[in-house]
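S.K.: Residue numbers (this note's numbering): 29 to 368. Just so it is clear, CB atoms sit at the ideal spot from N, CA and C, and this is done for glycine as well. Predicted model only: the values in this text are computed from it and were never measured.
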């Protein structure tokens with residue numbers, strides 16, 4: 029590799045090597061390129077302690093700037109975990125939890141769509157850093173007498189409100205949809221296709237397969253739409269604490285969307301079965317366009333709402349941004365440089 033060759037040649041210089049790799053190291057860190065960082069560190073182990081003009085080290089910069097890949101690299105190298113027994117403090121008395129409690133740079137936050145998901149990612153960062161540090165670090169105060177959680181709440185006050193507004197607006201839209209579906213399928217359950225037998229009062233086509241499909245799909249649509257409605261209402265009435273954005277609110281929105289999709293699909297199946305019962309003998313040709321058109325609203329719902337559902341599931345249940353095996357490197361040669 030060209031980079032490896034350059035590092036080897038620079039290492040042969042008799043003096044001033046830090047002047048050669050320092051700027052490159054900081055640029056690679058700011059651009060979140062762990063491959064370059066690992067190559068420089070392997071050649072110059074002391075580069076781990078390179079700091080910027082403000083005196084922040086690679087550990088602090090990776091957390092403040094939300095450099096996910098660099099952070100994973102440092103965790104793989106056990107650099108951050110070797111500091112779990114002591115605090116890394118900046119000139120303002122902030123430890124790493126104070127730094128991660130500060131709001132991420134705008135260009136990092138805007139990579140995620142929706143205030144709720146942005147808040148969730150910020151909480152994921154805070155939770156991750158808290159896990160590798162000492163429990164008492166959560167209670168440490170900086171020069172402004174603020175704990176890490178106090179810093180987080182102050183810095184993310186506007187983002188939390190933005191996330192609350194996004195959640196409520198989204199849930200409100202789906203609540204209307206679920207309520208309309210409940211109204212339609214409940215009315216369909218009362219007025220069965222084919223009517224009732226005048227003598228027995230039972231459904232005329234109760235023995236036919238198409239009628240059974242109608243009843244089952246209509247019931248599924250009613251139950252799932254009701255469940256979706258309750259989930260969306262629970263979002264509207266939630267307390268919206270900071271921690272709620274981590275799992276509670278996204279989970280409710282995920283399951284609400286899944287229930288709503290099932291409800292729409294079952295409703296269209298019930299509608300198709302109803303038309304089939306009425307026209308299967310007199311006009312069987314109607315069944316072909318019915319089958320084709322039934323897929324249209326289902327496909328439209330999936331196409332328009334599936335991206336949001338995928339993002340919610342990935343951010344809530346996926347591997348997330350902290351991948352421990354993202355980059356395997358041999359760190360034994362410079363682990364001894366980490367203070368004990």
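Would you list the one or two residues that DSSP bridges to residue 79?
M.R.: DSSP lists 85 as partners of residue 79.
S.K.: I think residue 200 touches residue 264, with their Cβ atoms under 8 Å apart; what is that distance to the nearest whole Å?
M.R.: Correct: roughly 7 Å between the Cβ atoms.
S.K.: Below 8 Å on the Cβ atoms is my contact criterion, and I expect residue 144 with residue 194 to pass it. Report the Cβ-Cβ distance as a whole number of Å.
M.R.: Yes, they are in contact, since the Cβ atoms of residue 144 and residue 194 sit about 5 Å apart, within 8 Å.
S.K.: Would you check if the distance between the CB atom of residue 277 and the CB atom of residue 266 is smaller than 8 Å?
M.R.: A contact, by the Cβ cut-off of 8 Å.
S.K.: My parser needs the alpha helix (DSSP H) runs of 4 or more residues fully inside the segment 134–195; what are they?
M.R.: Qualifying alpha helix (DSSP H) stretches, in chain order: 134–137, 143–160, 176–183.
S.K.: Rounded to the nearest angstrom, what separates residue 124 and residue 74 at their Cα positions?
M.R.: Whole-angstrom Cα-Cα distance: 21 Å.
S.K.: For residue 130, I'd like the list of residues in its chain whose CB is within less than 6 Å of its CB, leaving aside the five on either flank, ordered along the chain.
M.R.: Answer for residue 130: 183, listed in chain order.
S.K.: So, are the CB atoms of residue 242 and residue 293 less than 8 Å apart?
M.R.: Against a cut-off of 8 Å, the Cβ pair of residue 293 and residue 242 comes out as no contact.
S.K.: Here's a check: name, in chain order, each residue in its chain whose Cβ is nearer than 8 Å to the Cβ of residue 141, leaving out the five neighbours to either side.
M.R.: Excluding positions up to five away in sequence, the list reads 339.
S.K.: Taking its Cβ as the centre, do 16 or more other Cβ atoms sit within 10 Å of residue 135, making it buried, or is it exposed?
M.R.: Exposed, by the Cβ-count rule.
S.K.: Closest by CA to residue 30, which one among 51, 50, 68, 54?
M.R.: The option with the nearest alpha carbon to residue 30 is 68.
S.K.: Tell me the rounded alpha-carbon separation between residue 331 and residue 132.
M.R.: Cα-Cα distance, rounded: 32 Å.
S.K.: Assuming residue 288 and residue 253 form a contact by the criterion Cβ under 8 Å, report the distance between their Cβ atoms to the nearest whole angstrom.
M.R.: The Cβ separation is near 7 Å, so the contact holds.
S.K.: Determine the burial state of residue 153: buried for a count of at least 16 other Cβ atoms within 10 Å of its Cβ, exposed for fewer.
M.R.: By the 10 Å Cβ count, residue 153 comes out buried.
S.K.: Identify, in the order they occur along the chain, each residue of the same chain with its Cβ nearer than 8 Å to the Cβ of residue 314, setting aside the five sequence neighbours on each side.
M.R.: Excluding sequence neighbours, residue 314 sits near 303, 307.
S.K.: Taking C-alpha atoms, which residue in 82, 89, 93, 104 lies nearest to residue 66?
M.R.: For the residues 82, 89, 93, 104, the minimum Cα distance to residue 66 belongs to 104.
S.K.: Can you tell me the Cα-Cα spacing of residue 319 and residue 296, whole angstroms?
M.R.: Rounded to whole angstroms, residue 319 to residue 296 spans 10 Å at the Cα level.
S.K.: Assuming residue 217 and residue 250 make a contact with CB atoms under 8 Å, what is their CB distance in whole Å?
M.R.: About 7 Å separates the two Cβ atoms, so the contact holds.
S.K.: Alpha carbon to alpha carbon, how far is residue 274 from residue 165?
M.R.: Looking at the two C-alpha atoms, the distance is approximately 21 Å.
S.K.: Rounding to the nearest angstrom, what Cα-Cα distance links residue 343 and residue 334 in this structure?
M.R.: About 14 Å.
S.K.: Can you tell me whether residue 284 is buried or exposed? The criterion is at least 16 other CB atoms within 10 Å of its CB, across all chains shown.
M.R.: It counts as buried.
S.K.: Would you kindly work out how many angstroms separate the C-alpha atoms of residue 119 and residue 189, rounded to a whole number?
M.R.: Computed Cα separation, rounded: 31 Å.
S.K.: Looking at C-alpha atoms only, which residue of 93, 270, 100 is the closest neighbour of residue 128?
M.R.: Taking only the C-alpha atoms, the option nearest residue 128 is 93.
S.K.: State the DSSP-derived secondary structure class of residue 265, mapped to helix, strand or coil.
M.R.: It is coil, neither helix nor strand.
S.K.: Report the three-state DSSP secondary structure of residue 199 (helix, strand or coil).
M.R.: In the structure shown, residue 199 sits in a helix (DSSP, three-state: H, G or I).
S.K.: Spatial neighbours of residue 192 within its chain, please: C-beta separation below 7 Å, excluding the five flanking residues on both sides.
M.R.: Excluding positions up to five away in sequence, the list reads 268.
S.K.: Select from 71, 81, 63, 62 the residue whose C-alpha is nearest the C-alpha of residue 51.
M.R.: Comparing Cα positions, the closest option is 81.
S.K.: Using a threshold of 8 Å, state whether the C-beta atoms of residue 99 and residue 72 are closer than that.
M.R.: The answer is no: Cβ separation not under 8 Å.
S.K.: What do you reckon, are the CB atoms on residue 282 and residue 240 nearer than 8 Å?
M.R.: Against a cut-off of 8 Å, the Cβ pair of residue 240 and residue 282 comes out as no contact.
S.K.: Just to confirm, is the Cβ distance from residue 156 to residue 187 under 8 Å?
M.R.: No.
S.K.: Among 300, 328, 327, 329, which has the Cα closest to the Cα of residue 316?
M.R.: Minimum Cα distance to residue 316 is reached at 300.
S.K.: Kindly indicate which three-state DSSP category residue 304 falls into: helix, strand or coil?
M.R.: Here residue 304 sits in helix by DSSP.
S.K.: Does chain D have any CB closer than 8 Å to the CB of residue 73?
M.R.: Checking the listed chains, one finds no chain D in this structure; it contains a single protein chain.
S.K.: Secondary structure at residue 119, three-state DSSP: helix, strand or coil?
M.R.: In this structure, residue 119 counts as coil in the three-state DSSP scheme.
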